[in-house]
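Visitor: Protein chains in written order, with this note's numbering: chain W, 879 to 1444; chain S, 879 to 1444.
2 protein chains.
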Amino acid sequence: MDTFIRIDMTNLNIAVEKAPDAYELLGGRALTSRLVLDETAPECNPLGRRNRLVIAPGLLGGTGVPSSGRLSIGAKSPLTGGIKESNGGGTAAGKLARLGIKAIIVQGRPNNRAPYVVFVSRHRHELVACPELRLVGVYESAKRLQERFGSKVGIILIGPAGERFMTAAGVTNLDVDGVPSRYCARGGLGAVMGSQGLKAIVVDDSECGLRQPQRKPEFVAAVKELAQLIRTTPQTAEIYPKYGTSAMVRAANALGCLPTRNFASGRFDAADEISGERLHDLIVSRGGLTTHACMPGCLIRCSNVVLDREGGHLVSPLEYETIGLVGSNCQISSLDVIAEINRLCNDYGVDTLETGGAIGIAMQAGLLAFGDGEAAIRLVKEIGQASPIGKVIGQGAVLTARVLGVTEVPAVKGQMMPAYEPRGIKGMGVTYATSPMGADHTAGGTIRANVDHHDREGQIEASRNAQLSMGIYDALGLCMFVGSAVGRRVDLLASLVNSLYGIDWSVDGLTEYSRAILNAERAFNRRAGLTSAHDRLPEHFCEVQNPATQTVFDITDEELDWVVGN
Amino acid sequence: MDTFIRIDMTNLNIAVEKAPDAYELLGGRALTSRLVLDETAPECNPLGRRNRLVIAPGLLGGTGVPSSGRLSIGAKSPLTGGIKESNGGGTAAGKLARLGIKAIIVQGRPNNRAPYVVFVSRHRHELVACPELRLVGVYESAKRLQERFGSKVGIILIGPAGERFMTAAGVTNLDVDGVPSRYCARGGLGAVMGSQGLKAIVVDDSECGLRQPQRKPEFVAAVKELAQLIRTTPQTAEIYPKYGTSAMVRAANALGCLPTRNFASGRFDAADEISGERLHDLIVSRGGLTTHACMPGCLIRCSNVVLDREGGHLVSPLEYETIGLVGSNCQISSLDVIAEINRLCNDYGVDTLETGGAIGIAMQAGLLAFGDGEAAIRLVKEIGQASPIGKVIGQGAVLTARVLGVTEVPAVKGQMMPAYEPRGIKGMGVTYATSPMGADHTAGGTIRANVDHHDREGQIEASRNAQLSMGIYDALGLCMFVGSAVGRRVDLLASLVNSLYGIDWSVDGLTEYSRAILNAERAFNRRAGLTSAHDRLPEHFCEVQNPATQTVFDITDEELDWVVGN
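1. Given this structure, state the Cα-to-Cα distance separating S/LEU1415 from W/GLU1188, to the nearest angstrom.
2. Should the segment 1205 to 1221 of chain W be regarded as contacting the segment 1237 to 1254 of chain W, the criterion being three or more beta carbon pairs within less than 8 Å?
3. State whether the segment 1316 to 1329 of chain W contacts the segment 1151 to 1163 of chain W, with contact taken as three or more CB pairs (one from each stretch) at a distance under 8 Å.
4. W/ALA1148 to W/GLY1249, Cα distance in whole Å?
5. How about W/PHE1043 and W/LEU957: are their beta carbons less than 8 Å apart?
6. Expressed to the nearest angstrom, what Euclidean distance is found between the alpha-carbon atoms of S/LEU1133 and S/MET1126?
7. According to DSSP, is S/GLY1251 part of a helix, a strand, or is it coil?
8. Determine, using beta carbons only, whether W/CYS1180 and W/PRO1112 come nearer to each other than 8 Å.
9. If we count the other Cβ atoms within 10 Å of its Cβ and call it buried at 16 or more, is S/GLN1293 buried or exposed?
10. Can you tell me the Cα-Cα spacing of S/ASN889 and W/THR1389, whole angstroms?
11. Please name the residue in S/GLY1316, S/GLY1165 and S/LEU1035 whose C-alpha comes closest to that of S/THR1409.
12. Can you grab the Cα-Cα spacing for the pair S/ARG1064 / S/LEU1231, in whole Å?
13. Going by DSSP in three states, W/SER950 sits in which element: helix, strand or coil?
14. With distances taken Cα to Cα, identify the nearest neighbour of W/GLY986 among W/ASP1382, W/PRO1009 and W/LEU931.
15. Looking only at DSSP bridge pairs, what is W/SER964 linked to?
16. Is the Cβ-Cβ distance between S/ASP1083 and S/LYS973 less than 8 Å?
17. At a Cβ threshold of 8 Å, is S/PHE877 touching chain W?
18. Rounded to the nearest angstrom, what separates W/TYR1087 and W/SER1384 at their Cα positions?
19. Is W/SER1029 buried or exposed, if buried means 16 or more other CB atoms sit within 10 Å of its CB?
20. Measuring only the C-alpha atoms, how far is W/GLN1090 from W/GLY939?
21. Counting only beta-carbon separations shorter than 8 Å, does W/ARG928 have a partner in chain S?
22. For chain W, find out if any of its Cβ atoms is closer than 8 Å to the Cβ of S/GLY1244; answer yes or no.
23. Check distances from the C-beta atoms of the segment 1387 to 1407 of chain S to those of chain W and list, in chain order, the residues that come in under 7 Å.
24. Quick one, which of W/ILE1261, W/SER1313 and W/ILE1210 has its alpha-carbon nearest W/MET1241's?
25. Let's test the definition: count the other Cβ atoms within 10 Å of the Cβ of S/GLU921 and tell me whether it reaches 16, buried, or not, exposed.
26. The alpha helix (DSSP H) that contains W/HIS1217, what's its start and end?
27. Closest to S/GLY1048 by CA distance: which of S/THR969, S/THR1110, S/ASN965 and S/SER999 is it?
28. Is W/ILE951 closer than 8 Å to W/ILE933 when the C-beta atoms are compared?
29. So that I know if they touch, is there some Cβ in chain S lying closer than 8 Å to that of W/CYS1420?
30. Identify whether S/GLN1293 lies in helix, strand or coil by the three-state DSSP scheme.
31. Report yes or no: is there a C-beta of chain W within less than 8 Å of the C-beta of S/ARG1280?
32. With DSSP as the reference, label W/GLU1436 as helix, strand or coil.
33. With distances taken from CA atoms, which of W/TYR1121, W/PHE1141 and W/ALA1406 is nearest W/CYS1420?
34. I think S/CYS1135 touches S/HIS1331, with their Cβ atoms under 8 Å apart; what is that distance to the nearest whole Å?
35. Against S/THR1285, what residues of chain W qualify as contacts under a CB-to-CB distance less than 8 Å, listed in chain order?
36. For S/LEU1398 and S/VAL914, I'd like the C-alpha separation in whole angstroms.
Quick look at the structure:
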């Protein structure tokens, strides 16, 4: 895994470079963030000619390590104005890694409007104009690309939202069934790819085997031990496979942090109707899948496949975050409505979190009623129609709020909060405020931290530790849910990296490695014009109580600054 | 002039305070910016409960000094995210000053939606709910308020755009004819006032005479000398009275800095059709006024009154900036169309610059054709209808560009550039980049600086000097056009202030006074999260030539930072 593929969209040229030595031990988010810092002018227009999109598998990508196939995508974000890394599962990262590709760097933009598709394989790199895919949804686009390039390829793909520069647009890639369902959803990276005139990257890893470790016995032993931990930890062995992430609905509601009514509260009366248990029964009753792997070799299989009433494929996966933002946040208690909105968002290529947040804002503005699922579906369809209001919603929650005159916006650095209400789980609020990524639960979730989530004690340490921990997972390309099984056995992660690369990192070394990622990201953000003034929650969370918990967000500015500095 | 009127919209209470001594010699922009810095949390939500709106006459307000009746309004801007001062002519400032009111400070927001009207006079301060004025245009609102409070009152007023939190919304006040035509237009201050539930402030200065100076003979002599200069300087004695600001159309076009086609060029083929000469003839042919004072005692009278084809009042005034933004920038060559759009913008209460900029963006996006005046009028009417696209346009150019997927946006710090293309007049570009106000010609115009406007030499000094000079005019409440007459006789300004207040400031002292304003504004902006990364022009101005001048904006980042530091 030692090449960079550089795609120059201005000159419609693909170059293969040997990755400089300095990048040898960087992968996933560590690599995308470093390359963005090194190559992208921090003050550039995120949708202009100077931004670059970086796509990278994690350090463990392309190996037999379970759940190591996360794909990282980075750029300057048109949503936050700062650096962004968004990662997702699927099949593309493993294929890139097996092709020896450390990163794909996309730069420039073509002078015509035809979207292009890049094909990479062991023997061939090709850039082809595909005007017939212009503004075609991801489901149909993926199907046509599979017909053209074969059913076993990986495809990194944007929908019409990205082509239209909507800043809620994400980048998807295929799951193990060939469905374009695994989104690097956040930060508007789909709009960056769209602004570069790139519709898809097709990855064909035929004739490529698994990557082989430098120290095989140690590697095999570590993989085996990790697999054993995953198989014996209740969270990864039982709860995730059965309920997926939606097991969190009831827990969050009980804790008072299930976002409800545009984050006015943390408790939703109808939470049971959208719970993991209810979703499980619905899926089973229609013959869908409750236990489903998004990437090859996943032992957890937290994904699911939801069928509609007639037994047809509705959406895969339906996850907690979407249920929280599109469901409780909009007081929508129908899983079918939530699933339908999820399917539409996926097809257009927009983040369900920004979209759910924007719907909640529109409801608060009175454009439609809280709880009106059919109106919400119609509103989401406007994104696909690119009507004026659809173009507004497609820009995400913050812009929607400005247009509709709503001043209570649950967002940080321009990015909508995910499905943890930050007065009900204060550590998560600390992460929202201080992560270089904007409001993002994957940047350092504290839900499993040993703290009283309603109390202010211990939250800044919990967030800081979680952010450092997540940097490791994001660099390795490991799914964060493996973390439930790994727990304190971070030595196992070190062992995997060490035996694969023939190095000797300590656990502390891994932490420092993660700190370097955060430092690089913060350096970029500072140069891009973000300051400590942006490391704050919206003021209403600090002033008005969450009625479910009777708490406000009372972590001080000084404490938030401590997190950034430590 | 020693009282603060503090309007608490949360508790619906008006308090009269003696202004603290520290504010005694602050007026206009010096006072609004200082009060914003001292009283407003820089990180606050500009449309939330913590922002404050500060309204102040200049230091010379309420006296017989010609053209000294500018009204300053300041707050944290919902458009730029930084501090804002916007000033305009009209009658309100003089009345406030004669009432002894140094500043009105509006804070909080009511719990109901009824807009309120404040009445202030020598004997009475009153806050009354006026639900009947909700979402009523400024022309009709002013008429009803005049019917209620008398024809001689001053009225500070917002339109429906401000009530709807549109960030292109300004604050207007009456001219000498009682027409609500003098806008403090920029930075979305109308949305701040709207978010506070305040529709209008009615100012009745009955029984109040002119303010009297401490040293009368010196004051009278200085006033006399200033009047003489105004009457004998060609610019203020002949050109402004005859053509108003629109004399600039031909000059700017010749220089290659007349914004054309969303600032793609600085030369408009049909510039003659929208020139000051053409406007003069049109006004005269219909029996309008080419020479019109916006405030009592103005000797320049650059304003005008434009009648429609039937001889009815169309709009007053029609100025260069509007002609540049709505006209050439949109390739609209009909003065009647431009005037009609101006009238609509005034009635809704939105800045014509943001609106013209947004129309140009919409034209570039293909929503309507460049030059299609009738379509442009229909689009502006959507602001009044508050349709989805109208709500987008009402948020100004930058947001419109994001929604419509346009990446070339002529704006700085979120604010649309006025009618000077910055590659064709580089000093103005320096001011756009470095002013704490965002892109703003009134923050330090360099059109009369002794430099080659196409060359990079001398531009940073010209901008820095102009910014320091403007601070003085903005603090004194003097119209910037007096500057053409004053020229290097800044000692005359010192003499006016000194004799009025009984002090002894030097010319250098005045410059240092102005520097303190800029420093206060920059301090606020830094705390609000603006950095040197925001003191830049959009990258396309630095990369692509203005075809009219074959120049790019080539002032370096270091040079821009020098302006901020000096």
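Built from N, CA and C at the ideal position, the CB exists for glycine as well. Quick caveat: nothing in here was measured; it's all calculated off a predicted structure.
Guide: The answer reads as follows:
1. 56 Å
2. yes
3. no
4. 11 Å
5. no
6. 10 Å
7. helix
8. no
9. buried
10. 52 Å
11. S/GLY1316
12. 8 Å
13. strand
14. W/LEU931
15. W/ILE951
16. yes
17. The structure shown does not extend to residue 877 of chain S, since chain S is modelled only from 879 to 1444, so the question has no answer here.
18. Strictly speaking, residue 1087 of chain W in this sequence is Gly, with Tyr absent from that position. Distance between the alpha carbons of W/GLY1087 and W/SER1384 is about 29 Å.
19. exposed
20. 11 Å
21. yes
22. no
23. ARG1405, ALA1406 and GLY1407
24. W/ILE1210
25. buried
26. Checking the sequence shown, residue 1217 of chain W turns out to be Ala, not His. It spans 1213 to 1226 - the alpha helix (DSSP H) in which W/ALA1217 sits, taken as one unbroken run.
27. S/ASN965
28. yes
29. no
30. strand
31. yes
32. helix
33. W/PHE1141
34. 7 Å
35. ASN923, LEU925, GLY926, PHE1043 and SER1073
36. Here the sequence assigns Ala to residue 1398 of chain S, which means Leu is not the residue at that position. Approximately 9 Å between the Cα atoms of the pair.
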